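The structure under discussion appears below in the form of structure tokens.
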Amino acid sequence: MRDAYIVTAVRTPGCRRAKGLLKDTRPEDLLSFILKSAVEKTPGLNAKDIDDITAGCSFPEAEQGLNIGRIAGQIAGFPVDVTGATVNRFCASGLEAVALAGLRVMAGWSDIVIGCGIESMTYVPMGGNLPRPNPDYAKTNPDLYTSMGTTAENVAKRYNVTRQEQDAFAYESHMKAANALKNKLFTEIVPTPATKFVQQQDGTYKKETFIVDYDDGIRADTTIEGLAKLRPVFAADGSVTAGNSSQTTDGAAATILMSGERVKELGIKPLAKFICYTTAGCKPDEMGVGPKYAIPKLLKLTGLKLEDIGMFELNEAFASQSIYCIRELGIDMKKVNIHGGAIALGHPLGCTGAKLCATLLVNMRERGAKYGIESMCAAGGQGAAALFELCD
Ligand SMILES: CC(C)(COP(=O)(O)OP(=O)(O)OC[C@H]1O[C@@H](n2cnc3c(N)ncnc32)[C@H](O)[C@@H]1OP(=O)(O)O)[C@@H](O)C(=O)NCCC(=O)NCCS
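Structure representation (structure tokens):
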């Protein structure tokens, strides 16, 4: 197999669902903007040379339906020859897209492919607009459709993750993110045009654009005491709250992958090599344990040991599952989500895998980590994990 090089990885800010700065920006606009930005940030690259766009999306319907991978490429102004697809592995969709793009390059089927992710949780709510579980299967196997919050409660209860531990983890996420925001460390963010509708004197609304350049869910004023006061959301006697869950978020991200030949031709200095990707199944009603199985499987496939990995981006779907996975795997917390995770920065479902790729590569470079792993759990009972190697 050939090598697949990542030459550009960027993201929009992540903004709070319904309350945040991107709430009136359509998902196709967010994705097309970040696709265009990724191309513009790649020296010498012309959009016509891109073979395909693979877009991850967890609820690919309504405004983000109709194959947004193709639609966003066209709205971005790419030539008609540049094809596009949409893939769904729930919270791992964006990573699935990056991996599929990488595989095409590695197999020699394509030279330049974009793997990206999109989710507007404002426009399309979690679960979709019209969920329709299979009635016969659900009668005997309701676990497959367990709500994500309930799975987080199950992990906390089954594996003894306390409320105090969850709140402490959430506090750290906000503190790390607030520090990174203050020190301008989220260099993977591209300032993004957002839409607002401004009421005019005659009562009509005019569409206007403004620029958003930061993740608006970060709460620098978070305290342990404040977190402790929040009521459990998913079970009366539970421990999972709005404070120790990932935020529901709008955002998009894109990664450009290229063959070694094209990297040489264009004279580009690649950021990293995409090495390997894997998935592992687990019980649907405790889906948060997914990374516990996906990461060892990835390490086995690549012949590396946990100590070889210098940096981790583990999606903070919930503090309970994050703590459990980190603890079970024995990962050094100093290497995990060094600038905060989804509890502070948000988790725009189908975008997250592509977003964490951009963040991981920046963080690996900042700390000089040769190998980095990105991993997350996904609804239905799955874990996904990918390995990246920094280029010199
Ligand atoms: C838990 C959940 C239902 C909460 O939704 P929400 O009520 O819209 O959450 P918000 O972030 O708006 O927070 C609600 C309130 O909690 C409080 N709060 C949240 N975070 C806080 C913090 N760090 N410190 C203090 N208070 C906090 C605030 O009072 C906030 O209200 P405000 O925004 O008016 O200040 C939602 O975030 C959720 O479903 N998360 C999980 C998403 C998920 O399952 N993803 C897939 C994973 S596999």
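Heads up: the sequence shown at position 101 corresponds to 1156 in my numbering, and the numbers run straight through without jumps. Note that beta-carbon positions come from the ideal geometry of N, C-alpha and C, so glycine has one too. All of these numbers come straight from a predicted model, not from anything done at the bench.
Close Cβ partners of residue i (< 7 Å) along its chain, the five nearest in sequence each way excluded
{"i": "SER1113", "result": "ASN1143, PHE1145, CYS1146, SER1148, GLU1174, LEU1404 and GLY1405"}
{"i": "VAL1094", "result": "LEU1100 and ALA1102"}
{"i": "PHE1265", "result": "ALA1249 and LYS1251"}
{"i": "PHE1133", "result": "ALA1102 and ILE1105"}
{"i": "THR1201", "result": "PRO1339 and ASP1340"}
{"i": "GLU1243", "result": "ALA1064, VAL1065, ARG1066, ALA1413, THR1414 and VAL1417"}
{"i": "ALA1131", "result": "SER1087, LEU1090 and LYS1091"}
{"i": "MET1388", "result": "ILE1381"}
{"i": "GLY1183", "result": "PHE1114 and GLU1116"}
{"i": "THR1206", "result": "ASP1340, GLU1341, MET1342 and GLY1343"}
{"i": "ALA1434", "result": "PHE1145, CYS1146, MET1203 and MET1342"}
Proximity below 9 Å, CB of residue i to CB of residue j
{"i": "PHE1373", "j": "VAL1295", "result": "yes"}
{"i": "ILE1378", "j": "VAL1216", "result": "yes"}
{"i": "ASP1198", "j": "LYS1338", "result": "yes"}
{"i": "ILE1105", "j": "VAL1137", "result": "yes"}
{"i": "ALA1059", "j": "LEU1158", "result": "yes"}
{"i": "VAL1432", "j": "VAL1318", "result": "The amino acid at residue 1432 is misidentified as Val; the sequence shows Cys. In this structure, VAL1318 does not lie closer than 9 Å to CYS1432 by Cβ."}
{"i": "MET1056", "j": "ALA1211", "result": "no"}
{"i": "PRO1287", "j": "ASP1268", "result": "no"}
{"i": "ALA1140", "j": "THR1310", "result": "no"}
{"i": "GLU1208", "j": "SER1430", "result": "no"}
{"i": "ARG1213", "j": "GLU1383", "result": "no"}
{"i": "LEU1361", "j": "GLY1385", "result": "yes"}
{"i": "TYR1332", "j": "LEU1354", "result": "no"}
{"i": "GLU1444", "j": "ILE1330", "result": "yes"}
{"i": "MET1230", "j": "THR1277", "result": "yes"}
Candidates the options: closest to residue i by CA position
{"i": "ILE1428", "options": "LEU1400, PRO1351, ASP1447 and GLN1437", "result": "PRO1351"}
{"i": "ASP1270", "options": "GLY1128, VAL1062, VAL1417 and LYS1410", "result": "LYS1410"}
{"i": "ALA1327", "options": "ALA1433, MET1056 and ALA1064", "result": "ALA1064"}
{"i": "LEU1086", "options": "PRO1098, CYS1446, ASP1104 and ARG1066", "result": "ARG1066"}
{"i": "LEU1356", "options": "GLY1395, THR1334, VAL1210 and PHE1289", "result": "THR1334"}
{"i": "PHE1241", "options": "GLY1395, GLY1423 and GLY1435", "result": "GLY1395"}
{"i": "LEU1076", "options": "ASP1387, ILE1061 and GLU1263", "result": "GLU1263"}
{"i": "PRO1082", "options": "GLY1172, PRO1190, ILE1167 and PRO1098", "result": "GLY1172"}
{"i": "GLY1293", "options": "GLN1219, THR1259 and LYS1239", "result": "GLN1219"}
{"i": "ALA1127", "options": "PRO1098, LYS1096 and ILE1169", "result": "ILE1169"}
{"i": "GLN1119", "options": "PHE1289, THR1080 and GLY1315", "result": "THR1080"}
{"i": "GLU1320", "options": "ASN1122, ILE1167 and ALA1434", "result": "ILE1167"}
{"i": "GLY1315", "options": "SER1165, GLU1371, ILE1123 and TYR1260", "result": "SER1165"}
Whole-angstrom C-beta distance between residue j and residue i, which should lie under 8 Å
{"i": "MET1366", "j": "VAL1160", "result": "That pair is no contact at about 23 Å."}
{"i": "ILE1393", "j": "SER1228", "result": "Between SER1228 and ILE1393 the Cβ distance is about 11 Å, and since that is not below 8 Å, they are no contact."}
{"i": "GLY1438", "j": "TYR1348", "result": "5 Å"}
{"i": "ALA1117", "j": "VAL1179", "result": "5 Å"}
{"i": "ALA1441", "j": "LEU1150", "result": "6 Å"}
{"i": "LEU1416", "j": "ILE1108", "result": "Between ILE1108 and LEU1416 the Cβ distance is about 19 Å, and since that is not below 8 Å, they are no contact."}
{"i": "GLY1436", "j": "GLY1336", "result": "6 Å"}
Neighbourhood of residue i by C-beta, 6 Å cutoff - its chain only, sequence neighbours within 5 removed
{"i": "GLY1401", "result": "GLY1069, GLY1272, GLN1302 and THR1304"}
{"i": "ALA1275", "result": "ALA1233"}
{"i": "THR1177", "result": "ARG1072, ALA1073, LYS1078 and ASP1305"}
{"i": "ILE1364", "result": "TYR1426 and ILE1428"}
{"i": "THR1097", "result": "VAL1062, THR1063 and ILE1311"}
{"i": "PHE1289", "result": "GLY1204, THR1205, GLU1208 and VAL1295"}
{"i": "ARG1125", "result": "GLY1139"}
Beta-carbon proximity list for residue i, same chain, < 8 Å, skipping 5 on both sides
{"i": "LEU1465", "result": "Because residue 1465 is not part of the residues shown, which for the chain are 1056 to 1447, the question remains open."}
{"i": "ILE1279", "result": "ASP1222, ALA1223 and TYR1226"}
{"i": "ASN1418", "result": "MET1366, GLU1368, ILE1393, HIS1394, ALA1424 and GLY1427"}
{"i": "LEU1359", "result": "TYR1426 and LEU1442"}
{"i": "CYS1446", "result": "TYR1060, LYS1324, PRO1325, LEU1326, ALA1327 and LYS1328"}
{"i": "LEU1236", "result": "TYR1269, ASP1270, ILE1273 and ALA1275"}
Residue i: CB within 8 Å of a non-hydrogen atom of ligand 2
{"i": "ARG1420", "result": "Ligand 2 is not part of this structure, which contains only ligand 1."}
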